[in-house]
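Enquirer: Following numbering that gives the first Met the number 0 from start to finish, the sequence shown increments by one per residue and tops out at 210.
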Amino acid sequence: MKKGLLGIVFLLSTLSTYASISILGPLTGQTENYSYYDIDVVLEDDQYVEGFGGPATQRTYYEWIYMTPDSAGSNFTFSNYSSSLQGSDGSTTDTQVLLYDTDDFDLTNVITTAPEIFNSGIGYGWGGGQSSGEGQGTGIGAGAFNGIFDLEEKQYLVVFTSFAADALGSMDIEINGPSELYFTTVPEPSTYTLMLAFGSFLYVAIRRRHA
0 MKKGLLGIVF LLSTLSTYAS ISILGPLTGQ TENYSYYDID VVLEDDQYVE GFGGPATQRT
60 YYEWIYMTPD SAGSNFTFSN YSSSLQGSDG STTDTQVLLY DTDDFDLTNV ITTAPEIFNS
120 GIGYGWGGGQ SSGEGQGTGI GAGAFNGIFD LEEKQYLVVF TSFAADALGS MDIEINGPSE
180 LYFTTVPEPS TYTLMLAFGS FLYVAIRRRH A
């Protein structure tokens, strides 16, 4: 059991693996009736978008999974408590989590389209009951994501990434909240090379990076 998962005291289920994402849980912890999940994510070189917030050849690698809460609720915590990532500018702790509503969502637009919920660190994010509003900055360079969200009883596409240029490596993540979560794999797509316009999400990311 990892030291980063300080609240977990009792194992209820076994390890599940979805491609480059491994999930241990649900577990019980210090908060009664909360479910805890220990998630290992490996950013590999098979899934990426190009030209996001930088030169056309710059890659933003990501991993993703479908997630459905058993019931709606508040205070779902998504925390990247440790990572080992290396990009073209050196090592980085800069990570982001994006949650999309899966209804009518085109998977080819992942990352380049603003998500319903976004977090890049404490005080940086929008959606899901966070106090920051869209357009108030992405927190690029602020470190690891750490957000508390309100979630509905519906399927989300959860995307784990680093906006640091060409960053590959691993993340250790804890998710906990007031209901169990169900995870399913996303069908593997082809690698997408996207021609980007100056959409609102891209503009915010660039503006924050050069501020």
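Ideal placement from N, C-alpha and C gives every residue a C-beta, glycine not left out.
Which whole-angstrom value is the C-beta distance of Leu150 and Gly24, which I expect to be below 8 Å?
Expert: Within the sequence shown, residue 150 is the residue found at index 151, counting from 1. Within the sequence shown, residue 24 is the residue found at index 25, counting from 1. Not really, about 16 Å apart at Cβ, beyond 8 Å.
Enquirer: Do Tyr99 and Leu156 come within 7 Å of each other at the CB atom, strictly closer than that value?
Expert: Sequence index remark: in the sequence shown, residue 156 carries index 157 (1-based). Sequence index remark: in the sequence shown, residue 99 carries index 100 (1-based). Yes, the pair counts as a contact, with Cβ atoms nearer than the cut-off.
Enquirer: Can you give the Cα-Cα distance for Gln46 and Ala166, rounded to whole angstroms?
Expert: Your numbering for residue 46 matches position 47 in the sequence shown. Your numbering for residue 166 matches position 167 in the sequence shown. Looking at the backbone, the Cα of Gln46 and that of Ala166 are separated by about 12 Å.
Enquirer: Contact between the stretch 18 to 34 and the stretch 167 to 184: three or more CB pairs below 8 Å?
Expert: yes
Enquirer: Going by alpha carbons, who is nearest to Val109 out of Glu49, Gln129, Leu180?
Expert: Your numbering for residue 109 matches position 110 in the sequence shown. Comparing Cα-Cα distances from Val109 to each of Glu49, Gln129, Leu180, the minimum goes to Glu49.
Enquirer: In its own chain, which residues sit with a C-beta less than 7 Å from the C-beta of Ala164, not counting the 5 before and 5 after it?
Expert: Against the sequence shown, residue 164 aligns to sequence position 165. Gly53, Gln57, Gly86, Ser87, Asp88.
Enquirer: Going by Cα to Cα distance, which pick from Ile38, Gly127, Thr76 is closest to Thr30?
Expert: Counting from 1 along the sequence shown, the entry for residue 30 is found at position 31. When each option's Cα is compared against that of Thr30, the closest is Thr76.
Enquirer: Excluding five sequence neighbours on each side, which residues of the same chain lie with their C-beta closer than 6 Å to the C-beta of Gly124?
Expert: Residue mapping note: residue 124 aligns to position 125 of the sequence shown, counting from 1. Excluding positions up to five away in sequence, the list reads Phe117, Asn118, Ser131, Gly146.
Enquirer: Just the Cα atoms here: how many angstroms apart are Ser78 and Ser161?
Expert: Position 79 of the sequence shown, counted from the first residue, corresponds to residue 78. Position 162 of the sequence shown, counted from the first residue, corresponds to residue 161. Roughly 14 Å separates the two Cα atoms.
Enquirer: To which residues does DSSP link Gly120 through a beta bridge?
Expert: Residue mapping note: residue 120 aligns to position 121 of the sequence shown, counting from 1. Its beta-bridge partners are Tyr123.
Enquirer: Could you give the first and the last residue of the continuous beta strand (DSSP E) run that contains Val41?
Expert: Translated into the one-based positions of the sequence shown, residue 41 becomes position 42. Counting along the chain, the beta strand (DSSP E) containing Val41 begins and ends at 34 to 42.
Enquirer: Indicate the three-state DSSP secondary structure (helix, strand or coil) for Thr56 in the structure shown.
Expert: Working through the sequence shown from its first residue, we reach residue 56 at position 57. It is coil, neither helix nor strand.
Enquirer: Take Ile20 and list the residues in its own chain whose beta-carbon comes closer than 6 Å to its own, dropping the five residues that flank it on each side.
Expert: Your numbering for residue 20 matches position 21 in the sequence shown. Taken in chain order, the residues that qualify are Val40, Glu62, Ile64.
Enquirer: Tell me the residue span of the beta strand (DSSP E) that contains Phe51.
Expert: Locating residue 51 in the sequence shown gives position 52, where the first residue counts as 1. It is not in any beta strand (DSSP E) - Phe51 carries neither H nor E in the DSSP assignment.
Enquirer: Is the separation between the beta-carbon of Tyr181 and that of Thr16 shorter than 7 Å?
Expert: The residue labelled residue 181 in the question sits at position 182 within the sequence shown. The residue labelled residue 16 in the question sits at position 17 within the sequence shown. A distance of 7 Å or more separates the beta carbons of Tyr181 and Thr16.
Enquirer: Can you grab the Cα-Cα spacing for the pair Leu84 / Asn74, in whole Å?
Expert: Locating residue 84 in the sequence shown gives position 85, counting from the first residue. Locating residue 74 in the sequence shown gives position 75, counting from the first residue. The straight-line gap from Cα to Cα measures roughly 28 Å.
Enquirer: What is the residue span of the beta strand (DSSP E) that Ser21 lies within?
Expert: Residue mapping note: residue 21 aligns to position 22 of the sequence shown, counting from 1. 20 to 27 is the span of the beta strand (DSSP E), which, as asked, contains Ser21.
Enquirer: Measure the C-alpha to C-alpha separation of Gln129 and Pro114 and round it to an integer number of angstroms.
Expert: What you label residue 129 is simply residue 130 of the sequence shown in a count that begins at 1. What you label residue 114 is simply residue 115 of the sequence shown in a count that begins at 1. Near 13 Å, if we compare the C-alpha coordinates of Pro114 and Gln129.
Enquirer: What number of angstroms, rounded off, separates the C-alpha of Phe51 from the C-alpha of Thr111?
Expert: For the purposes of this step, residue 51 is taken as residue 52 along the sequence shown, with counting starting at 1. For the purposes of this step, residue 111 is taken as residue 112 along the sequence shown, with counting starting at 1. Rounded to whole angstroms, Phe51 to Thr111 spans 7 Å at the Cα level.
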